[in-house]
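**Student:** Protein chains in written order, with numbering that gives the first Met the number 0: chain A, 0 to 523; chain B, 0 to 103; chain C, 0 to 172.
The beta carbon of each residue, even a glycine, is placed where N, CA and C say it ideally should be.
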Amino acid sequence: MLPPVDLLALLGPVLLVVVGALVTLVTEPFLLRKDKHAFLPWIGVSFLAMAGVALHFAPPGEFGGMFALDAWRGALMGALFLVAAIGLAALQQNLRSDDFPGGEPYVLILLATVGVALMLMASHFIALFLGMEIASLAIYPMVGLRRDHKGSEEAVLKYFSLGAVFSAVFLLGVAMIYGATGSLNFASVLIGPRLGIFLLGYALVTVGLLFKLGVVPFHFWSPDAYAGAPSGVVSFMAGAVKLGAVAVLANLWSSHFFGFALLYTGQTVPGVHYPPAPLGVSYPLLGVGAFPEKILVLRAWQFVFVYGGLASVVIGSLALLGQTSIRRMMAYSGVANAGFMALALGIFVKHADARYALFYVVVYALGTTGVLATLSALSGRGDLQDDMTALAGAGRKRPLMGLALSILLASVAGLPFTAGFVAKFQLLAALFTDGRIGIDALGLILPQAMVKQAGILFPLVPVVALVCALVSVAGYFRLVVAVWSEPGTRSKEVEAPSLLLSATLVLAMLAVLALAIQPRAIGF
Amino acid sequence: MSFLPTQSLILAGFLFSIGLATVLVKRNLFFVLMGVELMLNAANLSFIAWSRTFSGPVGLDGQVAPLFSIAVAAAEACVGLAMLLSVFRSKETLDTDRFDRMKE
Amino acid sequence: MLFWPVVAVSLAGAAGAVFARNLVYAALSLGACLTGLAGLYLFLQAEYIAVVQMIVYVGGILILILFGVMFSRDVLGRSTPPSLGAKILGGLAASAVLVSAGRLAWIISNLPGTGLAATRSPTQTWEGQIASHSQNHLGELLLNGWLAPFLVVAMLLTVVLVAALGLVRKDAT
Chain A
0 MLPPVDLLAL LGPVLLVVVG ALVTLVTEPF LLRKDKHAFL PWIGVSFLAM
50 AGVALHFAPP GEFGGMFALD AWRGALMGAL FLVAAIGLAA LQQNLRSDDF
100 PGGEPYVLIL LATVGVALML MASHFIALFL GMEIASLAIY PMVGLRRDHK
150 GSEEAVLKYF SLGAVFSAVF LLGVAMIYGA TGSLNFASVL IGPRLGIFLL
200 GYALVTVGLL FKLGVVPFHF WSPDAYAGAP SGVVSFMAGA VKLGAVAVLA
250 NLWSSHFFGF ALLYTGQTVP GVHYPPAPLG VSYPLLGVGA FPEKILVLRA
300 WQFVFVYGGL ASVVIGSLAL LGQTSIRRMM AYSGVANAGF MALALGIFVK
350 HADARYALFY VVVYALGTTG VLATLSALSG RGDLQDDMTA LAGAGRKRPL
400 MGLALSILLA SVAGLPFTAG FVAKFQLLAA LFTDGRIGID ALGLILPQAM
450 VKQAGILFPL VPVVALVCAL VSVAGYFRLV VAVWSEPGTR SKEVEAPSLL
500 LSATLVLAML AVLALAIQPR AIGF
Chain B
0 MSFLPTQSLI LAGFLFSIGL ATVLVKRNLF FVLMGVELML NAANLSFIAW
50 SRTFSGPVGL DGQVAPLFSI AVAAAEACVG LAMLLSVFRS KETLDTDRFD
100 RMKE
Chain C
0 MLFWPVVAVS LAGAAGAVFA RNLVYAALSL GACLTGLAGL YLFLQAEYIA
50 VVQMIVYVGG ILILILFGVM FSRDVLGRST PPSLGAKILG GLAASAVLVS
100 AGRLAWIISN LPGTGLAATR SPTQTWEGQI ASHSQNHLGE LLLNGWLAPF
150 LVVAMLLTVV LVAALGLVRK DAT
């Protein structure tokens, strides 16, 4: 359990980002059109840097069972601030080449960062809901930034209507959980016989969050939304939204089910600290012990995460092979990686240890954000050169962007010497040693005898995931080859990347390589 | 009237399914927006209905949560309508089926 | 016994909002539904929420929607008739939700101490449990336990302001 701390100390880093957004907002009208794009992102980045420093000194603790900060939440938030800085730089590149008239996208990206940061810290359903809505309401207008482009309107309308529906589904789930537990805190205890209500609520809440994560079957929005949005915005939302969603799912598991499992089975697992009934506490994100295993409901959610995750890995990895648009390719890559995160959460359900999922999402967010940020520099005005043939030779003209693209894409693919390899290796190793996880989950839909039979398929889940990860490398490799190949006839001049973009991408590369050498640098 | 929570929860279920059906079937974006409002109202109603089944301060949480959800609903409607107007200005239609050029 | 008429108004309003062909009528019947819900909140002894519902939903959001409808000149809600696939999908999804709502109702009514089971035993009523500490304590709660989300709502409003301004900005090129 985390100690109570002062609200201002807890929310300090987030408030600094809010102040950054307000300063940007107030400065914007006083600048000329071309100065806006030169100057405004620097305000945002400097406030993000200050927030990072403040985060380093922020005390771990919680306020009123609403928001909490601990080692892992801090690590995720640090990654979020870096993702936001890269996103700001990429957006600057986009808006500068489009000669965009306003500066409000910079404000929106900072406010979306605030929303995701609140999601990371939340340990209360309404606080979480507010954070989610702040993030989504700031991202919707950014998706539709280029009104004159075909596809932009479809992207924003599809994303908005689906997002609104799923947030209503989430809220109904919260209402049901409140009905079943009498509390809106994550760590709450089921009331006597209201199990059915609780399960209904939990299913609805999980659906709402899986939509944010983009796991099959809730992935259908992402290719259209990604392909219609400016590459800088895609770069930010691909990383930040997944950071928030994974953190929330891990947090729900680590705090919610303890009390629930305790009351439902009436038995405690030795060595596990269970929350006192019923209210007002927050727990570390990493989880604090093992779950009682034989509970049907745990198995049901394990089933969802393991097989939904596996389906995402397969569908995403295969679909990304055939894409020519880089943004669509990264959307399917996001689906595949969301599948890996769901598998990691499936392991978490069994072991109450979220570190695979949390490490994976940090690494993935840095990688995918960086890749899409280089795209904003390479694909030119209006992202019109966003396909394999048009990008041919772009890396030779802008070596730094080409290098960043190659290294970060290698990390997303999970090639050795990058943090992505460590993340995938940890996860697959855990899946192999725990290969029965898929079989256990099958117990939900098959009778016990058949589950024993299915034991022959022992390592099926990790092997399929591994094969898909290897197959998807071919798709990423095509892009890297295209970027470094001889410039084709269709390739045009590539404009210079801004100083901010180069600097933040170098930081991302360093982070990805450093995390490969010392994975325990964060969170542990 | 001690059976109110039950009836209200059933009504909330009906409202939620009506809203969901609207969103799925109607192609006009105003209907989508209204369907979402219905769904959010169903959630509010279930909060309040559940709050009546608890005694003491626990029951009050269920009365505070709808305040926040109403604020969020207003925010969503505001952004949604701004979006609709800006789309309408360039397209002169709000029919979602006419935005389907991107399917591949 | 005003309870059942109020429920009927809410349901009829919701149905009207869906089935009306004219967008203005649809928005107006949504208003009837929201008003009915406000009345229902009175029955559930959530007076403050009922007032907020009337002011914010009926007085704000509904007017906003009506304004949008009028402004877009798409008053008749021209839309391609839903395809058979969409109709089937919608019907299936709605009936799935209805079935789970029915199941939910069944679960609730069998709970000891809540719902219909409670109505059969005259000793257990909900009357007066909430009313004794309702409205005054709501404000106290907002500024104590719920202080942090209350602050976050301010951030939400900032986001909405900037987002709406950015969306309706005139010069798009």
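Tell me which residues of the stretch 152 to 175 of chain A have at least one Cβ-Cβ distance to chain C shorter than 7 Å, keeping chain order.
**Tutor:** Here the close residues number zero.
**Student:** From this set, C:37, C:16, C:19, which residue's C-alpha is nearest residue 54 (chain C)'s C-alpha?
**Tutor:** Residue numbering aside, residue 54 (chain C) sits at position 55 when the third sequence is read from its first letter. Per the Cα distances, C:37.
**Student:** Would you verify that the beta carbon of residue 178 (chain A) is, or is not, closer than 8 Å to some beta carbon of chain B?
**Tutor:** For the purposes of this step, residue 178 (chain A) is taken as residue 179 along the first sequence, with counting starting at 1. Judged by the 8 Å Cβ criterion, residue 178 (chain A) is in contact with chain B.
**Student:** Near residue 322 (chain A), what residues of its chain come up, given a Cβ to Cβ distance below 7 Å and the 5 sequence neighbours on each side ignored?
**Tutor:** Taking the first residue of the first sequence as position 1, residue 322 (chain A) is located at position 323. Same-chain partners within the cutoff: 328, 331.
**Student:** Between residue 63 (chain B) and chain C, is the shortest Cβ-Cβ distance under 8 Å, so that the two count as touching?
**Tutor:** As a working mapping, residue 63 (chain B) is identified with position 64 in the second sequence. At least one chain C Cβ lies under 8 Å of residue 63 (chain B).
**Student:** Are the C-beta of residue 145 (chain C) and some C-beta of chain B separated by less than 8 Å?
**Tutor:** For this step, residue 145 (chain C) is matched to residue 146 along the third sequence. Closer than 8 Å: yes.
**Student:** Residue 550 (chain A) versus chain C: which residues are under 9 Å apart at the beta carbon?
**Tutor:** Here chain A comprises residues numbered 0 to 523, so residue 550 (chain A) is not present and cannot be evaluated.
**Student:** Pick helix, strand or coil for residue 123 (chain A), following the three-state DSSP scheme.
**Tutor:** Within the first sequence, residue 123 (chain A) is the residue found at index 124, counting from 1. Three-state result, residue 123 (chain A): strand.
**Student:** Do the stretch 91 to 111 of chain A and the stretch 148 to 163 of chain A make contact, defined as three or more Cβ pairs closer than 8 Å?
**Tutor:** Cβ pair count under 8 Å is below three, so no.
**Student:** For residue 55 (chain C), decide whether its Cβ has a neighbour in chain B, counting only Cβ atoms nearer than 8 Å.
**Tutor:** One-based indexing of the third sequence puts residue 55 (chain C) at position 56. Yes, its Cβ sits closer than 8 Å to a Cβ of chain B.
**Student:** Do you know offhand how far residue 378 (chain A)'s Cα is from residue 222 (chain A)'s?
**Tutor:** Position 379 of the first sequence, counted from the start, is the residue given in the question as residue 378 (chain A). Position 223 of the first sequence, counted from the start, is the residue given in the question as residue 222 (chain A). Each residue's alpha carbon lies about 18 Å from the other.
**Student:** What first and last residue would you give for the beta strand (DSSP E) that runs through residue 18 (chain C)?
**Tutor:** Here residue 18 (chain C) corresponds to residue number 19 of the third sequence, with the count starting at 1. It is not in any beta strand (DSSP E) - residue 18 (chain C) instead sits in the alpha helix (DSSP H) that spans 2 to 18.
**Student:** Which residues bound the beta strand (DSSP E) around residue 67 (chain A)?
**Tutor:** Here residue 67 (chain A) corresponds to residue number 68 of the first sequence, with the count starting at 1. Element bounds for residue 67 (chain A): 66 to 68.
**Student:** Please state if the CB of residue 362 (chain A) and the CB of residue 514 (chain A) are separated by a distance shorter than 8 Å.
**Tutor:** Here the question's residue 514 (chain A) lines up with position 515 in the first sequence. Here the question's residue 362 (chain A) lines up with position 363 in the first sequence. It is a contact, given that the beta carbons lie within the stated cut-off.
**Student:** Which residues in the same chain as residue 65 (chain A) place their Cβ atom closer than 6 Å to its Cβ, once the five residues preceding and following it in sequence are excluded?
**Tutor:** Translated into positions along the first sequence, residue 65 (chain A) becomes position 66. Counting only Cβ-Cβ distances below 6 Å, and skipping sequence neighbours, we find 123, 126.
**Student:** Examine chain A for any beta-carbon lying closer than 8 Å to the beta-carbon of residue 10 (chain C), and answer yes or no.
**Tutor:** Start at 1 with the first residue of the third sequence, and residue 10 (chain C) comes out as number 11. Taking Cβ atoms only, chain A never reaches closer than 8 Å to residue 10 (chain C), which makes this a no.
**Student:** Could one say the Cβ of residue 82 (chain B) lies closer than 8 Å to chain A's Cβ atoms, at least one of them?
**Tutor:** Against the second sequence, residue 82 (chain B) aligns to sequence position 83. So yes, residue 82 (chain B) belongs to the interface.
**Student:** Using a threshold of 8 Å, state whether the C-beta atoms of residue 393 (chain A) and residue 381 (chain A) are closer than that.
**Tutor:** By 1-based counting over the first sequence, the position of residue 393 (chain A) is 394. By 1-based counting over the first sequence, the position of residue 381 (chain A) is 382. Going by C-beta atoms, residue 393 (chain A) is not nearer than 8 Å to residue 381 (chain A).
**Student:** Classify residue 2 (chain A) as buried or exposed, calling it buried when 16 or more other Cβ atoms lie within 10 Å of its own Cβ.
**Tutor:** Within the first sequence, the letter at position 3 stands for residue 2 (chain A). By the 10 Å Cβ count, residue 2 (chain A) comes out exposed.
**Student:** What residue from A:354, A:38, A:373 has the CA that sits closest to residue 521 (chain A)'s CA?
**Tutor:** Position 522 of the first sequence, counted from the start, is the residue given in the question as residue 521 (chain A). Looking at the Cα atoms, A:354 is the closest of the given residues.
**Student:** Report the rounded CA-to-CA distance for residue 493 (chain A) versus residue 374 (chain A), giving the unit in angstroms.
**Tutor:** Locating residue 493 (chain A) in the first sequence gives position 494, counting from the first residue. Locating residue 374 (chain A) in the first sequence gives position 375, counting from the first residue. Taking the straight line joining both Cα atoms gives about 11 Å.
**Student:** Residue 92 (chain A) and residue 231 (chain A) - do their beta-carbons sit closer together than 8 Å?
**Tutor:** Mapped onto the first sequence, residue 231 (chain A) falls at position 232. Mapped onto the first sequence, residue 92 (chain A) falls at position 93. Against a cut-off of 8 Å, the Cβ pair of residue 92 (chain A) and residue 231 (chain A) comes out as a contact.
**Student:** So what does residue 62 (chain A) bridge to, in DSSP terms?
**Tutor:** For the purposes of this step, residue 62 (chain A) is taken as residue 63 along the first sequence, with counting starting at 1. For residue 62 (chain A), which the question treats as bridged, DSSP gives the partners A:66.
**Student:** What span of residues does the alpha helix (DSSP H) with residue 151 (chain A) cover, start to end?
**Tutor:** Position 152 of the first sequence, counted from the start, is the residue given in the question as residue 151 (chain A). It spans 151 to 180 - the alpha helix (DSSP H) in which residue 151 (chain A) sits, taken as one unbroken run.
**Student:** Determine the direct distance from the alpha carbon of residue 9 (chain C) to that of residue 7 (chain B), and round the result to whole angstroms.
**Tutor:** Walking along the second sequence from the start, residue 7 (chain B) turns up at place 8. Walking along the third sequence from the start, residue 9 (chain C) turns up at place 10. The alpha-carbon atoms of residue 7 (chain B) and residue 9 (chain C) are separated by roughly 11 Å.
**Student:** Please confirm if residue 63 (chain A) has its CB atom under 8 Å from at least one CB of chain D.
**Tutor:** Of the chains in the structure shown, none is chain D; the protein chains are A, B and C.
**Student:** Buried or exposed: which applies to residue 143 (chain C), given that a residue is buried once 16 or more other Cβ atoms fall within 10 Å of its Cβ?
**Tutor:** On the third sequence, position 144 is the one that residue 143 (chain C) refers to. Exposed is the call here.
**Student:** Between residue 148 (chain C) and chain B, is any beta-carbon pair separated by less than 8 Å?
**Tutor:** By one-based count along the third sequence, residue 148 (chain C) stands at place 149. Chain B contact via Cβ: present.
**Student:** Within the same chain, show all residues whose beta-carbon is closer than 6 Å to that of residue 387 (chain A), passing over the 5 residues directly before and after it, in chain order.
**Tutor:** Within the first sequence, the letter at position 388 stands for residue 387 (chain A). Only 323, 481 meet the Cβ criterion.
**Student:** Enumerate in chain order the residues of its own chain whose CB-to-CB distance from residue 409 (chain A) is below 6 Å, with the five nearest sequence positions on each side excluded.
**Tutor:** The residue labelled residue 409 (chain A) in the question sits at position 410 within the first sequence. Here the set comprises 417.
**Student:** Assuming the contact rule is C-beta atoms closer than 8 Å, residue 39 (chain B) and residue 170 (chain A) should be a hit. Round their C-beta distance to whole Å, please.
**Tutor:** Taking the second sequence and counting its residues from 1, the one referred to as residue 39 (chain B) is at position 40. Taking the first sequence and counting its residues from 1, the one referred to as residue 170 (chain A) is at position 171. Yes, they are in contact, since the Cβ atoms of residue 39 (chain B) and residue 170 (chain A) sit about 6 Å apart, within 8 Å.
**Student:** Would you call residue 250 (chain A) buried or exposed, if buried means 16 or more other Cβ atoms sit within 10 Å of its Cβ?
**Tutor:** Taking the first sequence and counting its residues from 1, the one referred to as residue 250 (chain A) is at position 251. Its Cβ being crowded by 16 or more others within 10 Å, residue 250 (chain A) is buried.
**Student:** What's the C-alpha gap between residue 21 (chain C) and residue 159 (chain A)?
**Tutor:** The count along the third sequence starts at 1 and reaches residue 21 (chain C) at position 22. The count along the first sequence starts at 1 and reaches residue 159 (chain A) at position 160. Each residue's Cα considered, the two are about 23 Å apart.
**Student:** I need the DSSP call for residue 54 (chain B), collapsed to helix, strand or coil.
**Tutor:** Residue mapping note: residue 54 (chain B) aligns to position 55 of the second sequence, counting from 1. Residue state, collapsed to three classes: coil.
**Student:** Are the CB atoms of residue 174 (chain C) and residue 39 (chain C) nearer to each other than 8 Å?
**Tutor:** In the structure displayed, chain C extends from 0 to 172; residue 174 (chain C) sits before or after that span and is not available.
**Student:** Who are the near neighbours of residue 263 (chain A) in its chain, counting only those whose CB is closer than 6 Å to its CB and skipping five residues on each side?
**Tutor:** Counting from 1 along the first sequence, the entry for residue 263 (chain A) is found at position 264. Summary for residue 263 (chain A): the model assigns pLDDT 48, below 50, so the residue's position carries little reliability; its value from the coordinates is reported in the next sentence. Around residue 263 (chain A): no qualifying Cβ.
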